[in-house]
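Structure first, commentary second.
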Amino acid sequence: MPSNHPANLQKSSLCFLSHTNLSSTSIYVYVYLSIPTYIYLFICISIYLSIYLSIYLSLLLAAVKFNVLPIVYEFEANTVDSLGLLVENLLDKNYVRSIGLICHEEDPGVINLVEGCQVSAQNFHSEPNVKQFFISLSSHILPVEQGGSFDIFTPLAASEDGMNLIADLTTTTGIVFSSPTSIIENYRKVLGKWLYSSEQKGNCPSLDYFYENKLNAWAHTAKHTTEAIKHCKNALAPFLKLFHNDLVAHITVCCVGTYHPS
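Start counting the sequence shown at 10; every next residue gets the next number (this note's numbering).
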């Protein structure tokens, strides 16, 4: 029996490194584990590159539990294949109890995996690389009888299309897929009720990955940060439009003034 099989209790030491650039900020995440290779959990966190994300991401990473291996990947700089390869290299044939995936939300019925790739019930079976991505990751998860699951932090369960996608993912991989059932427009939905969460996990699988008080702090900060950015955009929009028009007019006048027809 291979040493990384779930039935094997032999301990192994694992050391992983995840790195991402946030504007001028570089964040390194070291996770050192000396535990049975089937006990720890794994979570993928998708990010956009923007100024406020250094604080936003730092709070989320600070909430990760000690037995969880986090990987942060750039939404705009990866493909489905490169992300799959990155995860495969980190897991390295080891088993995990569950895998979590945090992606950006645009529609409750889809998974925004990477830029240009929206996974939905309509295209799941027609995108072989997407299907293989979930099959490959699911092969590292413990069987359902032992509490294994794939936890999607996007509220797929809040829409009919999302429910169909969950059914397709579960049927294809043989692993239970879970997601929040709420579509409230703030980050606290990950602390609410989840669909298909096992008795071992209770109603909130996100607490398997994150400390509740720290996750609450992250949700609170992220909500107010997002609201502040929206207010700033709305307040600055008229001035930016006026500046844009003035700049265009100035460039046009300069070009016309220096134009000498032959």
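Each residue gets a CB set at the ideal place from its N, CA and C atoms; glycine is no exception.
Where residue i falls, given that 16 or more other Cβ within 10 Å makes a residue buried
i, result
"V185", "buried"
"S91", "exposed"
"C241", "exposed"
"C263", "exposed"
"A228", "buried"
"L224", "buried"
"I260", "exposed"
"Y41", "Confidence in Y41 is poor, its pLDDT being 33 and thus under 50, which makes the residue's placement unreliable; the coordinate value appears in the next sentence. Classification of Y41: exposed, given that the 10 Å Cβ count is below 16."
"I52", "buried"
"I238", "exposed"
8 Å Cβ shell around residue i - same chain, five flanking residues per side excluded
i, result
"F143", "F159, L178, T181, T182"
"S191", "P164, A167, K198, G201, K202"
"Q127", "E115, D116, V119, I120, N121"
Option in the options with minimal Cα separation from residue i
i, options, result
"I175", "K140, L151, E154, P152", "K140"
"Q154", "D116, S135, R106", "According to the sequence provided, residue 154 is Glu. The question's Gln does not apply to it. The shortest Cα separation from E154 among D116, S135, R106 belongs to R106."
"D101", "L146, A130, A86, V73", "L146"
"E136", "T88, H233, L251, T235", "T88"
"S129", "L245, N173, V123, F84", "N173"
"G93", "A246, A226, N138", "N138"
Nonlocal neighbours in the same chain, by C-beta distance under 6 Å from residue i, ignoring five residues either side
i, result
"G118", "S168, D170, G171"
"C112", "S55, I120, N121, T163"
Supposed contact pair residue j and residue i - C-beta distance, whole angstroms, cut 8 Å
i, j, result
"Y82", "L70", "Rounded, the Cβ-Cβ distance is 13 Å, inconsistent with contact."
"A72", "Y220", "5 Å"
"N76", "L99", "That belief does not hold up - the Cβ atoms of N76 and L99 are roughly 15 Å apart, past 8 Å."
"I161", "L110", "5 Å"
"S188", "L204", "6 Å"
"H149", "Y104", "6 Å"
Cβ shell of residue i (< 7 Å), same chain only, five flanking positions each side left out
i, result
"N30", "Reliability of the predicted coordinates at N30 is poor, the pLDDT of 38 falling under 50, and the value obtained from them is presented with this limitation in mind. Within the same chain, N30 has no close Cβ partners at all."
"G157", "R106, S107, I150, L151, I184"
"F84", "S55, I56, Y57, H113, V123, E124"
Proximity test, residue i beta-carbon vs the ligand GDP heavy atom, cut-off 6 Å
i, result
"H259", "Ligands are entirely absent from the displayed structure, and the ligand GDP is therefore not among its contents."
Ordered list of alpha helix (DSSP H) runs contained in the region 145-211, each at least 4 residues
169-182
4 or more residues per run - each alpha helix (DSSP H) lying fully within the region 48-114:
62-71, 89-100
Quick check for students: name the residue ranges of the alpha helix (DSSP H) that lie wholly in the region 237-270, counting only runs of 4 or more.
none
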